[in-house]
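**Q**
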Amino acid sequence: MNQQRTLIIGDVHGCYHELSTLLFEVGANPAYDRIFFIGDLINKGPSARGVWEIFRSVKATAIMGNHELSMLKIMDGQPHRHAKYIDDLYRDFDGELDAFVADVRRWPLWFEEPGLMLVHAGLVPGKHPRDTDPWHLVSIRTWDGSGEDLLNPSNPRWFDLYDTPSLVVFGHWAALGGLSREWVVGLDTGCVYGGMLSCLVLPERRFVRVKARQAYCSINH
Ligand SMILES: [Mn+2]
Numbered sequence: 590m591n592q593q594r595t596l597i598i599g600d601v602h603g604c605y606h607e608l609s610t611l612l613f614e615v616g617a618n619p620a621y622d623r624i625f626f627i628g629d630l631i632n633k634g635p636s637a638r639g640v641w642e643i644f645r646s647v648k649a650t651a652i653m654g655n656h657e658l659s660m661l662k663i664m665d666g667q668p669h670r671h672a673k674y675i676d677d678l679y680r681d682f683d684g685e686l687d688a689f690v691a692d693v694r695r696w697p698l699w700f701e702e703p704g705l706m707l708v709h710a711g712l713v714p715g716k717h718p719r720d721t722d723p724w725h726l727v728s729i730r731t732w733d734g735s736g737e738d739l740l741n742p743s744n745p746r747w748f749d750l751y752d753t754p755s756l757v758v759f760g761h762w763a764a765l766g767g768l769s770r771e772w773v774v775g776l777d778t779g780c781v782y783g784g785m786l787s788c789l790v791l792p793e794r795r796f797v798r799v800k801a802r803q804a805y806c807s808i809n810h
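For the sequence shown, the working numbering assigns the number 590 to the initial residue and increments by one for each residue that follows.
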């Protein structure tokens, strides 16, 4: 194994069993592999703490998801509809939540190197992430031209407007069931909803997927 691999893992949402199986199937080895998580490690599934422990053990890097950004907002005392998840996070982390939150504060909103961009939800057409509202980066699905409504299905999907010959990998949109275009890869295959957990292996561009043990949550939750 001479060439270093890059492994990018889709939205885990607390599914630590499936994560552990996926890393085994891929043969992930932090001595040789660069391992990224595309965000949304927490909430909805069995144990975010379980995921965090595996995440640390493989020395991975995470991109900020909307669930992590919402958690930071709530921890900073701002109202958010995800407040319903906080009690479960305290219980799950059992005294370690502050350490986890401190870790999450250091997670980047995107990762970029020549030929590769990682972002949780997607890119605003024509804009670099540094010039984009963080909430757009973690929640965009469709683009209305202004950023007022990022979910309206009658607007074009952000990746239909993306025309740069450089690979973008994203998660967030489980209902897509994954996406594989020349320059855009969607990795959220809805594990927590009973779908699959996906990993993209670069440079060979191979997908490794593990089936969820069960549906832990409804997709409309
Ligand atoms: Mn998300």
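Backbone N, C-alpha and C define an ideal beta-carbon position, used for all residues, glycine too.
Specify the secondary structure class of ALA664 as computed by DSSP and reduced to three states.
**A** Indexing the sequence shown from 1 puts residue 664 at position 75. Just to set this straight, residue 664 is Met in the shown sequence, not Ala. Looking at MET664 - three-state DSSP - the assignment turns out to be helix.
**Q** If we call anything under 9 Å between Cβ atoms a contact, is LYS648 one with PRO619?
**A** What you label residue 648 is simply residue 59 of the sequence shown in a count that begins at 1. What you label residue 619 is simply residue 30 of the sequence shown in a count that begins at 1. Closer than 9 Å, so yes.
**Q** Name the two residues that bound the continuous beta strand (DSSP E) containing ILE598.
**A** One-based indexing of the sequence shown puts residue 598 at position 9. 594–598 is the extent of the beta strand (DSSP E) around ILE598.
**Q** Measuring alpha carbon to alpha carbon, tell me which residue in ALA617, PRO703, THR778 and SER659 is nearest ILE631.
**A** Residue mapping note: residue 631 aligns to position 42 of the sequence shown, counting from 1. For the residues ALA617, PRO703, THR778 and SER659, the minimum Cα distance to ILE631 belongs to SER659.
**Q** In whole angstroms, give me the CA-to-CA distance for CYS604 and GLY634.
**A** The residue you call residue 604 lines up with position 15 of the sequence shown. The residue you call residue 634 lines up with position 45 of the sequence shown. Taking the straight line joining both Cα atoms gives about 6 Å.
**Q** At the level of alpha carbons, what is the spacing between ALA710 and GLY684?
**A** Position 121 of the sequence shown, counting from 1, holds the residue named residue 710. Position 95 of the sequence shown, counting from 1, holds the residue named residue 684. Using only the alpha carbons, I get a separation of about 30 Å.
**Q** How big is the Cα-Cα spacing for VAL615 and ARG645?
**A** Stepping through the sequence shown from its first residue, residue 615 is reached at position 26. Stepping through the sequence shown from its first residue, residue 645 is reached at position 56. Spanning the two alpha carbons is a distance of roughly 17 Å.
**Q** Once you ignore the five residues that flank SER807 on each side, which residues in its own chain have a CB closer than 8 Å to its CB?
**A** Position 218 of the sequence shown holds residue 807. Only TYR782 meet the Cβ criterion.
**Q** Is the beta carbon of MET706 less than 9 Å from the beta carbon of VAL758?
**A** Within the sequence shown, residue 706 is the residue found at index 117, counting from 1. Within the sequence shown, residue 758 is the residue found at index 169, counting from 1. Yes, they are a contact pair.
**Q** Under the rule that 16 or more other beta-carbon atoms within 10 Å means buried, what is ALA764, buried or exposed?
**A** Numbered from its first residue, the sequence shown carries residue 764 at position 175. Answer is exposed; the Cβ neighbour count stays below 16.
**Q** Give me the residue from ASP692, ASP738 and ASP720 with the minimum Cα distance to GLU657.
**A** Along the sequence shown, read from residue 1 onward, the residue named residue 657 stands at position 68. When only C-alpha atoms are compared, the closest one is ASP692.
**Q** Looking at LEU739: is its Cβ nearer than 9 Å to the Cβ of MET653?
**A** The residue given as residue 739 occupies position 150 in the sequence shown. The residue given as residue 653 occupies position 64 in the sequence shown. No; because the gap between Cβ atoms is not below 9 Å, this pair is not in contact.
**Q** Kindly indicate which three-state DSSP category VAL647 falls into: helix, strand or coil?
**A** Against the sequence shown, residue 647 aligns to sequence position 58. If DSSP states are grouped into helix, strand and coil, VAL647 belongs with coil.
**Q** Looking at the structure shown, is LYS800 part of a helix, part of a strand, or coil, going by DSSP?
**A** Working through the sequence shown from its first residue, we reach residue 800 at position 211. Here LYS800 sits in strand by DSSP.
**Q** Just to confirm my understanding: we take ASP733, look at its own chain, exclude 5 residues before and 5 after, and list those with CB closer than 7 Å. What are they?
**A** Along the sequence shown, one-based indexing puts residue 733 at 144. Result list for ASP733: ASN741 and ASN744, in chain order.
**Q** For CYS788, which residues does DSSP report across the bridge?
**A** Your numbering for residue 788 matches position 199 in the sequence shown. For CYS788, which the question treats as bridged, DSSP gives the partners ILE598 and VAL797.
**Q** Where does GLY760 sit, in a helix, a strand or coil, going by DSSP?
**A** Counting from 1 along the sequence shown, the entry for residue 760 is found at position 171. GLY760 falls in the coil class under three-state DSSP.
**Q** Return the chain-ordered ranges of every beta strand (DSSP E) run that is complete within the region 681–750 and spans a minimum of 3 residues.
**A** As far as the region 681–750 is concerned, its whole beta strand (DSSP E) runs of at least 3 residues are 699–702 and 705–708.
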